[in-house]
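>
2 protein chains.
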Amino acid sequence: MIELAFAKDTNGLLPAVVQDYRTDEVLMLAYINQLAWEKTLETGKAHYWSRSRNSLWLKGETSGHVQLIKEILVDCDQDTVVYKVEQLGGAACHTGYRSCFYRKVTGDALTVYEQERVFDPTAVYGAK
Amino acid sequence: MIELAFAKDTNGLLPAVVQDYRTDEVLMLAYINQLAWEKTLETGKAHYWSRSRNSLWLKGETSGHVQLIKEILVDCDQDTVVYKVEQLGGAACHTGYRSCFYRKVTGDALTVYEQERVFDPTAVYGAK
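Chains A and B, in that order, give the protein sequences. Taking the numbering used here, the leading residue of the first sequence gets 96, the next gets one more, and so forth. Taking the numbering used here, the leading residue of the second sequence gets 96, the next gets one more, and so forth.
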């Protein structure tokens, strides 16, 4: 198994950049620890470490919007990875947008450059 | 000025994913703090916070390989940004490769999928 430099971070977490394997659009960024890394390699499905829940997180475990790993890139320092994925359900963001990066800086404002939500978050995750 | 959620991290650092604005290739990932964010917005050149040197880092200050900001994307939680840049000198990685992500996971090994270095690191940074 490929070893990553988890020891560089005090919490043992490294960032994983997630790209659509067809378009190279950045869909999201999440964090992995050793366990999430192993689960991802074993299953071919993107796993992360949820910092808010402090637990292993299979992306899509609630929504069904699993990310199938197509390729994994590792950086020069082995402290960041890129997951190239097929995003099931068409949207990576919990807000219903395809990408979490659906806004861009326009002067002093953030503007949504992708208007259409792929899904209604309330329908997928329930009312909060 | 757009406010990011720097307070979410104990060190006030957030990840910045750097993409080539033409190809969408991920070139590198580095960290920003409030100062680096302000300098980037003010100058249109990518600034980061060097965790190893603990100082503001204008990417390219040594090599001349500055990153000109073409667009900045902000994620749903405002705790990660994407810099879409024009990479002067053609290479973002200190090893001389175009991208820091020049290797991919192939079974239990990392293989270089991009064979040619854009520059010789010794020539750019000097012998170490």
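Using N, Cα and C, we set each Cβ at its ideal position, and we do this for glycine too. The model shown is predicted, which means the values in this text are computed figures rather than measured ones.
Take every Cβ of the region 188-197 of chain A, pair it with every Cβ of the region 163-174 of chain B, and state whether three or more of those distances are shorter than 8 Å.
Yes: the two stretches touch, three or more of their Cβ pairs being nearer than 8 Å.
> Determine whether the beta carbon atoms of Val180 (chain A) and Ile167 (chain A) lie at a separation below 7 Å.
no
> Compare the C-beta of Asp119 (chain A) against all C-beta atoms of chain B and say whether one is closer than 7 Å.
yes
> Which residue's Cα is closest to the Cα of Leu122 (chain B): B:Leu136, B:Ala141 and B:Lys134?
Answer by Cα proximity: B:Ala141.
> Just to make sure I have the definition right: I need the residues of chain A whose C-beta is within less than 8 Å of the C-beta of Leu124 (chain B). Which are they?
Pro110, Val112, Asp170 and Thr175
> How about Ala111 (chain B) and Ala100 (chain B): are their beta carbons less than 7 Å apart?
no
> Alpha helix (DSSP H) containing Leu130 (chain A): first to last residue?
Gln129 to Thr138
> Given a threshold of 16 other Cβ atoms within 10 Å of its Cβ, counted over all protein chains shown, does Arg148 (chain A) qualify as buried or as exposed?
Only exposed fits Arg148 (chain A), as fewer than 16 other CB atoms lie within 10 angstroms of its CB.
> Does the Cβ-Cβ distance between Leu108 (chain A) and Asn128 (chain A) come in under 7 Å?
Yes.
> Just to check my reading of the structure: Ser158 (chain A) and Gly184 (chain A) have Cβ atoms closer than 8 Å, yes? What is that Cβ distance to the nearest angstrom?
7 Å
> So, helix, strand or coil for Ala111 (chain B), using DSSP?
strand
> With a threshold of 8 Å on Cβ separation, who are the neighbours of Arg198 (chain B) within its own chain once the five nearest residues in sequence on each side are excluded?
Leu205, Thr206, Val207 and Tyr208
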